[in-house]
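Asks: Just add 408 to wherever you are in the first sequence, counting from 1, and you've got this note's numbering. Beta carbons are placed, not taken as given, at the ideal position from N, Cα and C, and that holds for glycine. From a predicted model like this one, the values you see are computed outputs, not experimental measurements. Pasting a structure below so you can have a look.
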Amino acid sequence: MNGVYVLEKLILIDGNSIANRAFYALPLLSNSSGLHTNAVFGFTTMLLKLIEEQKPTHFLVAFDAGKVTFRHADYKEYKGGRAKTPPELSEQFPLIRELVQAFGIPQFELAGYEADDIIGTMTRLADEKGLDVVVVTGDKDMLQLASEHVTIALTRKGISEVELYTPEAIREKYGLVPKQIIDLKGLMGDASDNIPGIPGVGEKTALKLLHEYGSVEEVLARADDISGKMKDKIKEHADDARMSKELATIYREVPMEMKLDELQYAGYEGPTLGAMFRKLEFKSLLDKMDLSGGDAGAEGAEAIEVDVVERGSLGALADALADVEAVHFEIVGENPHVSDVIGLALRMSSGKALFVPADLLDAPEAEPLRRWLADEDAGKIVYDMHRTEVGLHWKGIELRGVTFDVLIAAYLLDPTESTHTLNELAGRYGLPAVPADENVFGKGAKFKVPDVGPLSEHLARKADLLARLVPVLKDELEKNEMNRLYYELEFPLARVLAAMEKRGIRVNADDLKQYGGELGKSIDALVEGIYKAAGTEFNINSTKQLGEILFDKLGLPVIKKTKTGYSTDAEVLEKLAPYHEVVSSILNYRQLAKLQSTYVEGLLKEIRPETGKVHTYYQQTIAATGRLSSQFPNLQNIPIRLEEGRKIRKVFVPDEPGWNILAADYSQIELRVLAHISGDDRLKDAFRNDMDVHTKTAMDVFGVSEADVDANMRRQAKAVNFGIVYGISDYGLSQNLNITRKEAAEFIEQYFAVFQGVRHYMDDIVRQARTNGYVTTLLQRRRYLPDINASNFNLRSFAERTAMNSPIQGSAADIIKLAMVQIAERMANEKVRSRMLLQVHDELVFEVPEDELELMKKLVPEVMEGALQLDVPLKVDVNYGVNWYEAK
DNA sequence: AACTTCACG
DNA sequence: ACGTACGTGAAGTTC
């Protein structure tokens, strides 16, 4: 009537029912570790078949949650007498949940309800929306749900075949309308669920009665019309019949907030499913579906045509550059600031490849190539633009005009993967395999750059794969609604980061050495005292030796153990301090030794003699939450909390005399993000009124006025706020506050009673994780949580906390990254001399000439606060001084 | 290479 | 009952 009618089909699976069917239908297979997999296998074949034959656009697998449902409140014998689920089957449920997740199918369960009720509710919702629905189950009761749009697929003989029941089919077979299925069961009962019905009434009699009277109520009302013994039986068991009918009625008003949109199904990802099948050892399916992928090695792969460019042919190369699609640079070593560029492979639009050895890059004849690399208008696809740009920089070559970075895309599509090597990406996205670098170069001491033949072949393969990956990755980004995240945030950020790293930050080596000298004296004195107190010399850095001294020799109480022996961490030592004077000396020693080794000696080693600066390297594709990380040296963990360490910051100075270090940090960005995404009114109010959020939390949780919040209450409230951001648990909070778990639990309950929006968010986000298998940030950054349905309590709890934390930490990361891109743009437009130097998660550090101080003090917070509009204001504090220490 | 400890947000 | 707070990187010791 109005526009195009899109055909949508929702499949709803009764997970428990199908698992049961599969289990009893198939022989008890088990894999090499002795785990049974027959039900999982049956479930798999069922899913594959449904996907192929039904082509669902929406999908849900519903599971029963727990043992007790609302039905037990009415009839405690419900499902009583049923044989316990055999362990061979129950052990398969976690696998089935993982399997469903690997298929990318949403799953759902709700405490107190059975899968039937969830499905009943979904069919009602889908029916209202006009979707076609297929319900897959082994349970005949579900036939009551059949309607114009809802078809019931009942498993038949095992699970290999299903029989489809429309209302017509039900009428043909039983002469009933779907609703009367409930009456049928009310009369005949169901032995397997311990529903009594009327004794002596089986299917035949029940059908006869229903054909005549229509419903249980009618049968009971007109029992007198019925002849013989049946009349007495019916009268005698009238209540049983009524209750049985009630028990058999599927509840279609389950209070769930699941939206149909959340059930969209776009099909499975071969590599994910392949990995699951490998785990389950479903070899036949792997082969049949050709999911083997991965590191198949180069044998099977087609040879790739690659020409090695020589000095004499560099001129000819210049003419070919217009036809380059992708470039792969091989830069060995972890730190691109000090790495060797070995060469590059150009993948031409013809499919052929050219290899340029690194030594040619410096040749005068390579000028056209260098110009092409630096040409903003010469588009090129690369892997890790940021790293390449840095690596080339130290060779005096610029890289510009990159149109797509494969690494960043791969990272966004699954930030939890530990690496995204091209070898892995080939497997992940089902493209022709590329050997692992390790197999070509060797690793560790055996690392060796191979001869030009195999080297050029390998790089050519990688460049070729880059070109092939691009359409696939673009497609995936689009599907995940990550275009903005990619094109407006991560991709432009890569160049901002490269620029910051190339610039570096000046470190005053002389001051640092002097500080190290002072530290050295203090450390020596402490060491002497410790040896004396211990009565022997030993390696204080060795936890093993330290443990022997403290616990065996001095007989101090063991507070905590580690995997390998006694724990001697700061928490333990603080508890031991009252017992022996040596302990506090050890704590002091630890503190100073850390400063000396990591921050004095470590930092000195990282100062580049050519520049007198340290050039950190930001990893943009490591952290699962979307944060950056910093290496060589790590400039995101320079001491600040303790004054002694904080002094280190004095050696970080501006590059030019008379300039300032300016630091701008977000105030409480994570709690502001939480206020925004949870929509919690009280939390929002706190920030809208620019209150001290910990004090406000203390007021609300303890129910006192602002004046009555003492330091201790604020401290506890602060710990609770931290806990909330981390995905709170009573245990974690009790550890942090040194209180009992019970007290911690009461705190948390108090908090949630007040901040109900936050509680709602926490429940909701975990539910989302369970159904989708992932959670997202404000800018659609995704984090997958494969353990969210694990049967192992620890794994599952960890995943739940991660589900709560990641959107918060990740959204904060989104915001500051967005600000960085915008600030870089503004600074370029305003043509300032000031430079952005560092990012420390919620802080940006700049060096600023005196005459730009006023401008930057205004520009930086303005952009940071406006980077992303939230329901609460973002607040930024700005400070500056002659070094990083003074910018406080 | 694994483990422990500790620095930061 | 279970037993960890979330996210990183670096240094030192031990195996």
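Taking Tyr1074 and Leu905 to be in contact with their CB atoms under 8 angstroms, please state how far apart those CB atoms are, rounded to whole angstroms.
Replies: Contact flag wrong, Cβ pair sits at about 19 angstroms.
Asks: For Met756, name the three-state secondary structure that DSSP assigns.
Replies: Correct three-state label for Met756: strand.
Asks: To the nearest angstrom, report how far apart Ser721 and Asn891 are at their CA atoms.
Replies: One C-alpha to the other measures close to 40 angstroms.
Asks: Taking the runs of the beta strand (DSSP E) that are 3 residues or longer, which of them lie wholly in the region 760 to 806?
Replies: Within the region 760 to 806, the complete beta strand (DSSP E) runs of at least 3 residues are 761 to 765 and 788 to 790.
Asks: Let's see if you can read the secondary structure: which residues bound the beta strand (DSSP E) around Val543?
Replies: From DSSP, the beta strand (DSSP E) with Val543 extends over Asp540 to Thr545.
Asks: Using 8 angstroms as the Cβ pair cut-off and three pairs as the minimum, do the region 1144 to 1153 and the region 987 to 997 touch?
Replies: With the cut-off at 8 angstroms, the region 1144 to 1153 and the region 987 to 997 do not touch.
Asks: Using a Cβ-Cβ cut-off of 8 angstroms (strictly less than) and excluding sequence neighbours within five positions of Gly973, which residues of its own chain qualify?
Replies: Thr951, Lys952 and Gly955, listed in sequence order.
Asks: Whole angstroms are fine: how far does the CA of Lys687 sit from the CA of Leu437?
Replies: Between Leu437 and Lys687, the C-alpha separation is close to 14 angstroms.
Asks: With DSSP run on the structure shown, which of helix, strand or coil describes Arg1209?
Replies: In the structure shown, Arg1209 sits in a helix (DSSP, three-state: H, G or I).
Asks: Is Leu964 closer than 8 angstroms to Met1264 when the C-beta atoms are compared?
Replies: Result no, Cβ atoms of Met1264 and Leu964 do not sit closer than 8 angstroms.
Asks: Assess, as a yes-or-no matter, whether the region 1213 to 1221 is touched by the region 1184 to 1194 under the definition of 3 or more beta carbon pairs within less than 8 angstroms.
Replies: Yes: at least three Cβ pairs fall under 8 angstroms.
Asks: Looking only at C-alpha atoms, which of Gln588, Asp640 and Pro604 sits nearest to Lys616?
Replies: Per the Cα distances, Gln588.
Asks: Over what stretch of residues does the alpha helix (DSSP H) that includes Asn1129 continue unbroken?
Replies: First-last of the alpha helix (DSSP H) with Asn1129: Ala1119 to Tyr1134.
Asks: If we ignore side chains and look at the alpha-carbon of each, how far apart do Ala1094 and Glu733 end up?
Replies: Those two C-alpha atoms are separated by around 53 angstroms.
Asks: Across which residues does DSSP place Ser747 in a beta bridge pair?
Replies: Bridge partners of Ser747: none, in fact.
Asks: How should Gly708 be labelled, buried or exposed, when 16 other C-beta atoms within 10 angstroms of its C-beta is the threshold for buried?
Replies: Confidence at Gly708 is low in this model, with a pLDDT of 40, below 50, so the placement of that residue is unreliable and no value is reported for it.
Asks: Assuming Gln999 is part of the alpha helix (DSSP H), what are its boundary residues?
Replies: Unbroken alpha helix (DSSP H) run through Gln999: Glu989 to Lys1002.
Asks: If we ignore side chains and look at the alpha-carbon of each, how far apart do Glu979 and Ile1015 end up?
Replies: Answer to the nearest angstrom: the Cα atoms are 34 angstroms apart.
Asks: Among all the DSSP beta bridges, which residues are the ones paired with Lys969?
Replies: Beta-bridge pairing links Lys969 to Tyr974.
Asks: Residue range of the alpha helix (DSSP H) that Arg505 falls in?
Replies: Its alpha helix (DSSP H) spans residues Phe501 to Ala510.
Asks: By the three-class DSSP mapping on this structure, what secondary structure does Gln515 have?
Replies: In this structure, Gln515 counts as strand in the three-state DSSP scheme.
Asks: Which stretch, first to last residue, makes up the alpha helix (DSSP H) that contains Tyr939?
Replies: Taken as a continuous stretch (DSSP letters only), the alpha helix (DSSP H) holding Tyr939 covers Ala917 to Ala942.
Asks: What residue from Asn1045, Lys457, Glu1064 and Asp918 has the CA that sits closest to Phe511's CA?
Replies: Taking only the C-alpha atoms, the option nearest Phe511 is Lys457.
Asks: Quick check on DSSP: helix, strand or coil for Gly1289?
Replies: Residue state, collapsed to three classes: strand.
Asks: Could you check where the alpha helix (DSSP H) with Gln959 kicks off and where it finishes?
Replies: The residue you asked about is not Gln; residue 959 is Phe in the sequence shown. Taken as a continuous stretch (DSSP letters only), Phe959 belongs to no alpha helix (DSSP H), as it is neither H nor E.
Asks: Would you mind working out which of Leu1282, Gly850 and Ser1205 sits nearest Met1099, comparing C-alpha positions?
Replies: That would be Leu1282, whose Cα lies nearest to the Cα of Met1099.
Asks: Skipping 5 residues on each side, what residues in its chain have a beta carbon closer than 7 angstroms to that of Tyr621?
Replies: Same-chain partners within the cutoff: Val627 and Arg630.
Asks: So for Ser1038, helix, strand or coil by DSSP?
Replies: It is a strand residue.
Asks: Which of the three DSSP states, helix, strand or coil, is assigned to Ala1072?
Replies: Ala1072 falls in the strand class under three-state DSSP.
Asks: What would DSSP say about His1084, mapped onto helix, strand or coil?
Replies: It is helical.
Asks: Take the Cβ of Gly423 as the centre, count every other Cβ of all protein chains shown within 10 Å, and call the residue buried at 16 or more, exposed below.
Replies: Flag for Gly423 reads buried.
Asks: Under the three-state reduction of DSSP, which class applies to Asp822: helix, strand or coil?
Replies: Asp822 falls in the coil class under three-state DSSP.
Asks: Give the straight-line distance between the Cα atoms of Lys417 and His466, rounded to the nearest whole angstrom.
Replies: In a straight line, the C-alpha of Lys417 is about 6 angstroms away from that of His466.
Asks: Could you tell me which of Gly1053, Ile712 and Asp1285 sits nearest to Ala1072, measuring between CA atoms?
Replies: When each option's Cα is compared against that of Ala1072, the closest is Asp1285.
Asks: Under the DSSP definition of a beta bridge, which residues are partnered with Val609?
Replies: Looking at the DSSP assignment, Val609 forms no beta bridge with any residue, so it has no partner.
Asks: Which stretch, first to last residue, makes up the beta strand (DSSP E) that contains Tyr1026?
Replies: Tyr1026 -> beta strand (DSSP E) spans Tyr1025 to Gln1027.
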